[in-house]
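Here is the structure we will look at.
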Amino acid sequence: MDFTAVFLYIKEAISKRLAGHSIDLTGTLKTGLVRGAIAAALALVLFAGYTFIRGGVQFKPGYMPQCESPFTRDLLTKVVNESIAGQQGVKLLQVDEVADFAVRAPATSGDPHAEFRNCSAFVRTNAGRAILFFQLTWGSFKKDEVWLEITQSSL
Numbered sequence: 042m043d044f045t046a047v048f049l050y051i052k053e054a055i056s057k058r059l060a061g062h063s064i065d066l067t068g069t070l071k072t073g074l075v076r077g078a079i080a081a082a083l084a085l086v087l088f089a090g091y092t093f094i095r096g097g098v099q100f101k102p103g104y105m106p107q108c109e110s111p112f113t114r115d116l117l118t119k120v121v122n123e124s125i126a127g128q129q130g131v132k133l134l135q136v137d138e139v140a141d142f143a144v145r146a147p148a149t150s151g152d153p154h155a156e157f158r159n160c161s162a163f164v165r166t167n168a169g170r171a172i173l174f175f176q177l178t179w180g181s182f183k184k185d186e187v188w189l190e191i192t193q194s195s196l
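In my numbering, the protein residues as written are 42 to 196.
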């Protein structure tokens with residue numbers, strides 16, 4: 042059996058079917074580039090929106106937040122307002138100054154892998170100004186949860 046004749050017959054049949062169709066390479070390329078640019082712009086808008094909505098108040102698991110970070114300030118406000126003093130009517134209105142007051146190995150001031158942080162904060166409450174001393178520690182072995190404990194307070 043001669044396969045060359047069969048092969049040529051199949052090739053001829055395919056060529057006749059494709060004769061009516063043409064590939065517009067430049068149009069296809071332009072369409073692809075436009076769609077790619079739209080997808081990239083949409084991804085950028087979604088990322089920016091997610092970052093804005095998130096507000097930057099989250100911390101990265103495994104990295105102990107700094108004493109003066111927005112995450113720590115928000116957590117301090119929540120802890121004070123939900124504490125016994127908060128239940129008795131004392132509300133934290135503003136966190137003014139926050140500092141890492143006790144630097145111990147390995148919890149140095151800038152070390153993101155610290156096991157704990159000792160912090161102090163000057164705050165304004167509806168009962169006046171106060172100073173709070175608090176400690177940040179890990180709440181889980183996975184280091185994805187931070188606990189804030191107020192160790193001393195002038196409230």
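For each residue, glycine too, the CB sits at the ideal point set by N, CA and C.
Paired residues, beta bridge with residue i - DSSP
{"i": "SER194", "result": "LEU173"}
{"i": "SER161", "result": "ALA140 and PHE174"}
{"i": "LEU133", "result": "THR166"}
{"i": "VAL187", "result": "TRP179"}
Distance CB(residue i)-CB(residue j) smaller than 7 Å
{"i": "VAL136", "j": "LEU117", "result": "yes"}
{"i": "LEU173", "j": "LEU189", "result": "no"}
Reduced DSSP category for residue i - H, G, I as helix; E, B as strand; rest coil
{"i": "ALA82", "result": "helix"}
{"i": "ASP115", "result": "helix"}
{"i": "GLY77", "result": "helix"}
{"i": "PHE48", "result": "helix"}
{"i": "ALA60", "result": "coil"}
Length of the line joining the Cα atoms of residue i and residue j
{"i": "ALA126", "j": "ASP152", "result": "32 Å"}
{"i": "GLU156", "j": "LYS101", "result": "14 Å"}
{"i": "VAL139", "j": "SER161", "result": "6 Å"}
{"i": "LEU59", "j": "THR72", "result": "22 Å"}
Exercise. Contact between the stretch 80-88 and the stretch 117-134: three or more CB pairs below 8 Å?
Worked result: no
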